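Below is one structure, written out as C-alpha cells; the observations come after it.
There are 2 protein chains.
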Amino acid sequence: MEYKLAKRTENIASSEVREILKIAQNPEVISFAGGMPPAELFPHLEFSQIAADILKSGVESLQYAPTEGYLPLRRWIAERMDKKWGIRRFTSSNILITGGSQAGLDLTSKLFLNIGDCVMCEEPTYLTAINAFRIQEAEFVNMPCDDQGVITDGLEELIRARKPKMIYVIPVHQNPSGRTWSLERCKKFMEIVTRCEVPVVEDCAYFEINFNSQCHCSLSAFDPKGLVLSLGSFSKVLAPGLRVAWISCSEYLCKKLAILKQVADLQTPYLNQMIIHGYVQKYDFDKHVADICRTYKERCELMIEELKKGLPKGVSFSHPDGGMFIWIHLPEFVKVRELLNVCMAGKEINGEKKKVAFVTGAPFYAYDAQANHVRLNFSNSTFERISDGIKVFCSALKEAIADYYGDAKENASGGVMRCGA
Amino acid sequence: MEYKLAKRTENIASSEVREILKIAQNPEVISFAGGMPPAELFPHLEFSQIAADILKSGVESLQYAPTEGYLPLRRWIAERMDKKWGIRRFTSSNILITGGSQAGLDLTSKLFLNIGDCVMCEEPTYLTAINAFRIQEAEFVNMPCDDQGVITDGLEELIRARKPKMIYVIPVHQNPSGRTWSLERCKKFMEIVTRCEVPVVEDCAYFEINFNSQCHCSLSAFDPKGLVLSLGSFSKVLAPGLRVAWISCSEYLCKKLAILKQVADLQTPYLNQMIIHGYVQKYDFDKHVADICRTYKERCELMIEELKKGLPKGVSFSHPDGGMFIWIHLPEFVKVRELLNVCMAGKEINGEKKKVAFVTGAPFYAYDAQANHVRLNFSNSTFERISDGIKVFCSALKEAIADYYGDAKENASGGVMRCGA
Chain H
19 MEYKLAKRTE
29 NIASSEVREI
39 LKIAQNPEVI
49 SFAGGMPPAE
59 LFPHLEFSQI
69 AADILKSGVE
79 SLQYAPTEGY
89 LPLRRWIAER
99 MDKKWGIRRF
109 TSSNILITGG
119 SQAGLDLTSK
129 LFLNIGDCVM
139 CEEPTYLTAI
149 NAFRIQEAEF
159 VNMPCDDQGV
169 ITDGLEELIR
179 ARKPKMIYVI
189 PVHQNPSGRT
199 WSLERCKKFM
209 EIVTRCEVPV
219 VEDCAYFEIN
229 FNSQCHCSLS
239 AFDPKGLVLS
249 LGSFSKVLAP
259 GLRVAWISCS
269 EYLCKKLAIL
279 KQVADLQTPY
289 LNQMIIHGYV
299 QKYDFDKHVA
309 DICRTYKERC
319 ELMIEELKKG
329 LPKGVSFSHP
339 DGGMFIWIHL
349 PEFVKVRELL
359 NVCMAGKEIN
369 GEKKKVAFVT
379 GAPFYAYDAQ
389 ANHVRLNFSN
399 STFERISDGI
409 KVFCSALKEA
419 IADYYGDAKE
429 NASGGVMRCG
439 A
Chain U
19 MEYKLAKRTE
29 NIASSEVREI
39 LKIAQNPEVI
49 SFAGGMPPAE
59 LFPHLEFSQI
69 AADILKSGVE
79 SLQYAPTEGY
89 LPLRRWIAER
99 MDKKWGIRRF
109 TSSNILITGG
119 SQAGLDLTSK
129 LFLNIGDCVM
139 CEEPTYLTAI
149 NAFRIQEAEF
159 VNMPCDDQGV
169 ITDGLEELIR
179 ARKPKMIYVI
189 PVHQNPSGRT
199 WSLERCKKFM
209 EIVTRCEVPV
219 VEDCAYFEIN
229 FNSQCHCSLS
239 AFDPKGLVLS
249 LGSFSKVLAP
259 GLRVAWISCS
269 EYLCKKLAIL
279 KQVADLQTPY
289 LNQMIIHGYV
299 QKYDFDKHVA
309 DICRTYKERC
319 ELMIEELKKG
329 LPKGVSFSHP
339 DGGMFIWIHL
349 PEFVKVRELL
359 NVCMAGKEIN
369 GEKKKVAFVT
379 GAPFYAYDAQ
389 ANHVRLNFSN
399 STFERISDGI
409 KVFCSALKEA
419 IADYYGDAKE
429 NASGGVMRCG
439 A
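Residue numbers (the working numbering), protein chains in the order written: chain H, 19 to 439; chain U, 19 to 439.
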C-alpha cells in the first residue's frame with residue numbers, strides 16, 4: 019500500500035532528536051547527547067503530595083477547561099516575567115499555556131507562516147525549531163552571529179531584502195552555541211525589528227539557568243509595538259515530563275494563538291498546570307532554581323576542565339555562563355559522524371569500556387550546515403561520567419586528527435597540514 | 019500594529035466551542051451545550067492515590083520520554099482494541115499516544131493534507147474536526163447520510179470524481195447526530211474505500227458509551243490495506259482533563275505520525291499516561307464504563323421523555339443508543355440563534371427563572387449549513403436540570419412557532435403555513 023502523504027512529511031523524513039532520546043535511554047552509554055535535566059533534581063516527593071491533594075479535594079483538574087490555561091498559573095507567570103524578566107506590563111491576558119515549548123513553536127509557526135514564507139534564524143539554531151518551521155514549508159535565512167548575538171550591522175538591509183514573516187531567536191544561553199546576547203545587542207536588534215515590524219519568536223527555555231548572579235531581560239522589555247512572542251517553559255526549572263510551558267505576547271496575538279491551540283489540542287492538562295502552581299505557591303521556587311543552577315555550573319566547570327586537559331591544540335569550545343550545552347568547534351577535516359561512531363563503540367578508561375554519545379552539529383543549521391561542530395550536554399551526567407566521557411571523546415578526537423595527519427602525510431608525501439584554528 | 023498572519027488564521031476566525039465552554043462554566047445556566055462528561059463520575063480519589071504512588075516511587079513520569087507514548091499503556095490499548103473493538107491484529111507498534119483526540123485530528127491532518135486537498139465528511143460532522151481540516155486549508159465534500167450511516171450508493175463515483183486525500187467519519191454514536199452505522203454499511207463503505215485506496219480517519223470518541231449491551235466494530239476490522247486511522251480517547255470513559263488519547267493505524271503511518279508529533283509537542287505527559295495505566299491495572303475499568311453508560315442512559319431517557327411531552331408537533335429528534343447528544347430537527351422557519359437567545363435570557367419554571375444553553379446546528383456543517391438543528395447534551399446535567407431545561411427549551415420553541423404563525427397570518431392575511439415535518 020503506497021500512501022499519498024502531504025508534502026510536509028518529506029521535509030522531516032528523519033529525526034535526530036528521536037535517535038538522541040533512544041541513545042540516552044541506554045544506561046550503558048554516557049550520554050552528552052540529549053538536553054535532559056538531571057532527574058535527581060525533580061521535586062517528585064513534593065509533586066506527589068501536591069498531586070494527591072489536588073485530586074483528593076476535587077475534580078477541577080480532570081474536567082475540560084479553558085484553552086488559555088489555569089488562571090492562577092497564568093497570573094503567577096505574568097508576575098514573574100514582570101519582576102524577573104524586566105517586562106513590567108504583562109497580565110494573565112498576555113499568557114497562553116502550551117504543552118511544552120515545542121507546542122509553542124508549532125502554534126507560532128501556524129500563526130505566521132504560509133508556504134514559502136521566510137523565517138530568519140540564528141546560525142546555528144535549535145534543531146527541532148527548524149523542523150517546526152519546515153513542516154510549514156518555510157524558507158530559511160540565517161542571520162550571522164558573533165559572541166554578542168545576532169550581528170546587527172546589515173540586518174535591516176537583510177530584513178528589507180528577504181521580508182521574513184517571523185524571526186526566531188534564543189538570546190539567552192543559546193542551544194546549541196551557549197551564547198547569550200549582550201544587552202546592547204538586544205536593544206539594537208529590537209530597534210531594527212521595530213522599524214521593520216517583523217514578529218520575533220524568542221525562545222526562553224534556558225532563561226533562568228544562570229551560573230552567575232546576573233538576570234536577563236526578555237526582548238519584550240524593548241518592544242513598543244508588541245512584536246515579541248516569548249516562549250517560556252517549566253521543563254528546565256521543574257520537570258519536562260509535565261509538559262507545561264507558555265507563550266507571552268500581545269493580547270491580540272494571545273487570542274489568535276488560543277484559537278489555533280483549541281484546534282491543535284483543546285487545552286493543556288489542568289492537573290499538570292495545578293501541580294506546578296501548587297509547587298510555586300508552597301515551596302521556594304527561587305531556591306529550587308538556584309540549586310539547579312549550582313549543580314549545572316559544577317558539571318559545566320568540570321566538563322570545561324576536562325576538555326582543557328584533553329583536547330588537542332586548535333580545538334575551541336564555548337564557555338557558557340548558563341544553559342545546558344558546550345559547543346565545540348573542530349578542525350574542518352574531522353569527520354564528526356565517524357567520530358561519533360568511534361565514541362559510541364567505546365574506549366577503555368581505567369580498565370573499563372566506556373561508550374559516549376553526543377550530537378553532531380549539522381542538524382542545527384537550517385541550510386549550509388557547518389559539519390565540524392559537536393554539542394555536548396553537561397546537565398545530565400555525574401562528575402564521574404563527565405570525567406570518563408570527556409576522556410573517551412578527547413582520545414577519539416586525537417586519534418581522528420592523528421589518522422588525518424597520517425593519511426595526509428601519505429597523500430602529500432611527507433607534507434604536514436596544520437590543524438584549523 | 020497590524021500583524022501579517024498566515025492565511026489559515028482567517029479560516030477559523032471565531033470559535034463556537036470556546037463560547038460553549040465559557041457558557042458551561044456559569045453554574046446558573048443549565049448547559050446542554052458542551053460535550054462534557056459529568057465530573058461526579060471521575061474516579062478522582064483513585065487517581066489521587068495512583069498519582070501519589072507514581073510520583074513517590076520515582077521520576078520516570080517527570081523526565082523526557084519517547085514520543086510514541088508509555089509502552090505499557092500502548093500495549094493495553096492494543097489488547098483492548100483487539101478484544102473489544104474486533105480488530106485482532108494490533109500490537110503496541112500500531113498505537114501512538116496523543117494529547118487528546120483533538121491532537122490526533124491535528125496530526126492526521128498534517129499527515130495527509132496539502133492546501134486545497136479534498137476531505138470528505140459526514141453531513142453534519144464534528145465541528146472542531148472541521149476546524150482542524152480548515153487550518154490546513156482543505157476543501158470539503160459532504161457525504162450524504164441516512165440512519166444507517168454514510169450512503170454507499172454513488173459513493174465510489176463521488177470519490178473517483180473528487181479524489182479526497184482523506185475521509186473523516188464518526189461511525190459510532192456520531193457527534194452531533196447520534197447516529198451509529200449499521201454493520202452492513204461499515205462493510206460496504208470499507209469495500210469502496212479499499213478499492214479507491216483512500217485513508218479513513220475514524221473518530222471513536224464515543225465508542226464505548228453504549229446504552230445497550232451491543233459492542234461495535236472499528237472500521238479497522240474490515241481494512242485489508244491499512245487505510246484506517248482510528249482515534250480513541252480516555253476523555254469520555256475516564257477524564258478529559260488528563261488529555262490522553264491515541265491513534266491506531268498501520269505501523270508505517272504510526273511512524274510517520276510519531277515524527278509529526280515530535281515536531282508538534284515532543285510527547286504527551288507520562289504522568290497522565292501512567293495514571294490511566296495505573297487505573298486500568300488496579301481497578302475494574304469495564305465496571306466503570308458500565309456505570310458511566312448507565313448514568314448517561316438514564317439522563318438520555320429522561321431528556322427524550324421530556325422532549326416527547328413538551329415539543330410541538332412536527333419537531334423530530336434522534337433517539338441515540340449511546341454517546342452524549344440528542345440532535346433536534348426544527349421547522350425551517352425557526353430562527354435557531356434567536357431561540358438560543360431566548361433560552362439564554364431564561365424563562366420561569368416553577369416560580370424560578372431558568373436559563374438554558376445549547377449549540378446551534380450550523381457549525382457542524384463544513385458548508386451548506388442546515389441552520390434548523392439544535393444539539394443537546396444530556397450527559398452533564400442532573401435529572402432536575404434536564405427536566406427544567408427541556409421545559410424552557412420547549413416553551414421557547416413553542417413561542418417561536420406561534421410568533422411565526424402570528425407573523426405569517428399578518429403577512430398572508432389569514433393564511434396559515436404548515437410547520438415543516
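We put the CB at the ideal spot given by N, CA and C, even for glycine. This one's a predicted model, so the numbers in the text were calculated from it and none came from an experiment.
If contact is defined by three or more beta carbon pairs under 8 Å, each pair taking one atom from either stretch, is the segment 223-234 of chain H in contact with the segment 303-316 of chain H? Taking 8 Å as the limit for Cβ pairs, the verdict is that the segment 223-234 of chain H does touch the segment 303-316 of chain H.
Taking DSSP as the reference, what is the three-state secondary structure of Val77(U)? Of the three classes helix, strand and coil, the one that applies to Val77(U) here is coil, per DSSP.
Any chain H beta carbon closer than 8 Å to Asp283(U): The Cβ of Asp283(U) sits closer than 8 Å to at least one Cβ of chain H.
Going by alpha carbons, who is nearest to Thr116(H) out of Pro287(H), Gly379(H), Asp309(H) and Ser405(H)? Per the Cα distances, Pro287(H).
Could you please give the first and the last residue of the uninterrupted beta strand (DSSP E) stretch that includes Met138(U)? That run of the beta strand (DSSP E) goes Cys136 to Glu140.
So Pro287(H) contacts chain U; which residues on that side make the cut at Cβ distance below 7 Å? Within 7 Å Cβ-Cβ: Gly259, Leu260, Arg261, Pro287 and Asn290.
Buried or exposed: Met19(H), going by 16 or more other Cβ atoms within 10 Å of its Cβ? By the 10 Å Cβ count, Met19(H) comes out exposed.
Can we count Asp339(U) as close to the ligand NAD, meaning its CB is less than 7 Å from some heavy atom? As far as ligands go, the structure on display features none, and thus does not contain the ligand NAD.
With a CB to CB cut of under 7 Å and the five nearest residues on each side skipped, what residues in its chain are close to Trp94(U)? Counting only Cβ-Cβ distances below 7 Å, and skipping sequence neighbours, we find His295 and Val298.
Would you identify the three-state DSSP class for Glu220(H), choosing helix, strand or coil? The three-state reading of DSSP puts Glu220(H) in strand, counting E and B together.
Would you be able to state if there are at least three C-beta pairs under 8 Å between the segment 114-133 of chain H and the segment 147-161 of chain H? Yes: the two stretches touch, three or more of their Cβ pairs being nearer than 8 Å.
Residue range of the beta strand (DSSP E) that includes Arg203(U): Taken as a continuous stretch (DSSP letters only), Arg203(U) belongs to no beta strand (DSSP E), being part of the alpha helix (DSSP H) at Leu201 to Cys214.
Closer than 7 Å by beta-carbon distance: list the chain H residues that pair up with Val77(U), in chain order. Simply Ala57, Phe60 and His62.
If I measure Cβ to Cβ from Ala439(U) and keep anything under 8 Å in the same chain, skipping five residues before and after, which residues do I get? Residue confidence is low: Ala439(U) scores 33 on pLDDT, short of 50, so the model does not pin down where it sits. Its coordinate-derived value is still stated next. Within the same chain, Cβ atoms closer than 8 Å to the Cβ of Ala439(U) are found at Gly332 and Ser334, the five residues on either side in sequence being excluded.
I'd like to know if Phe100(U) contacts chain H, where contact means its C-beta is closer than 8 Å to some C-beta of that chain. Here residue 100(U) is Asp; the residue named in the question, Phe, does not match the sequence. Taking CB atoms only, Asp100(U) has no neighbour in chain H less than 8 Å away.
Report the rounded CA-to-CA distance for Tyr385(U) versus Leu260(H), giving the unit in angstroms. Taking the straight line from one Cα to the other gives about 39 Å.
Which residues DSSP lists as bridging Val262(H), in chain order: According to DSSP, Val262(H) bridges with nothing at all.
Secondary structure at Tyr288(U), three-state DSSP: helix, strand or coil? Tyr288(U) falls in the helix class under three-state DSSP.
Given that Leu66(H) touches chain U, what residues does it touch there, using C-beta distances under 9 Å? For clarity, residue 66(H) is Ser in the given sequence; the question names Leu instead. Within 9 Å Cβ-Cβ: Ala69, Ala70, Asp71, Ile72, Leu73, Lys74 and Ser75.
With a threshold of 16 other CB atoms inside 10 Å of the CB of Gly424(H), please say whether the residue is buried or exposed. Classification for Gly424(H): exposed.
DSSP state of Leu394(U), grouped into three classes? In the structure shown, Leu394(U) falls within a strand segment according to DSSP collapsed to helix, strand and coil.
Show which residues of chain C have a CB atom less than 7 Å away from the CB atom of Pro217(U). Absence of chain C from the displayed structure is noted, the protein chains being H and U.
Using the Cα positions of Pro381(H) and Ser397(U), report the straight-line distance between them to the nearest angstrom. C-alpha separation (whole angstroms): 49 Å.
Note down, in chain order, all residues in the segment 320-353 of chain H with a beta-carbon under 8 Å from any beta-carbon belonging to chain U. Result list empty, no residue passes.
Proximity to Lys416(H) [Cα-Cα], best of Asp165(H), Leu394(H), Ser336(H) and Leu325(H): With respect to the C-alpha of Lys416(H), the residue from Asp165(H), Leu394(H), Ser336(H) and Leu325(H) having the closest C-alpha is Leu325(H).
Just checking my contact of Pro194(U) with Pro142(U) at CB under 8 Å: how many whole Å lie between their CB atoms? For Pro194(U) against Pro142(U), the beta-carbon gap comes to about 6 Å, under 8 Å, which counts as contact.
Going by DSSP, what residue range makes up the beta strand (DSSP E) through Ile367(U)? For Ile367(U), the enclosing beta strand (DSSP E) stretches over residues Lys365 to Ile367.
Taking C-alpha atoms, which residue in Ile113(U), Pro162(U) and Val137(U) lies nearest to Arg98(U)? Residue Ile113(U) holds the alpha-carbon nearest to the alpha-carbon of Arg98(U) among Ile113(U), Pro162(U) and Val137(U).
Can you give me the C-alpha to C-alpha distance between Thr400(U) and Ile41(U), rounded to a whole angstrom? Counting only the Cα atoms, Ile41(U) lies some 17 Å from Thr400(U).
Can you pull the chain U neighbours of Met54(H), defined as C-beta to C-beta under 7 Å? Those are Gln81 and Tyr82, listed as they occur along chain U.
Identity of the residue in Gln120(H), Leu176(H), Val216(H) and Glu155(H) nearest Asp135(H) by Cα: Ranking the options by Cα distance to Asp135(H), first place goes to Glu155(H).
Do Gln291(H) and Tyr88(H) count as a contact pair if the criterion is CB distance below 8 Å? Tyr88(H) is a Cβ neighbour of Gln291(H), given a cutoff of 8 Å.
Same chain, Cβ closer than 8 Å to Leu237(H), neighbours up to 5 away in sequence not counted: Closer than 8 Å at the Cβ level, and outside the excluded window around Leu237(H), lie Val187, Pro189, Cys204, Phe207, Met208, Val218, Glu220, Val246 and Ser248.
Beta-carbon of Lys254(H) versus every beta-carbon of chain U: anything under 8 Å? Not one beta carbon of chain U lies nearer than 8 Å to the beta carbon of Lys254(H).
Cβ of Ile113(H) within 8 Å of any chain U Cβ: Taking Cβ atoms only, chain U never reaches closer than 8 Å to Ile113(H), which makes this a no.
Could you round the C-beta distance between Ser111(H) and Cys267(H) to whole angstroms and report it? I think they count as a contact, below 8 Å. Not a contact, Cβ separation roughly 10 Å.
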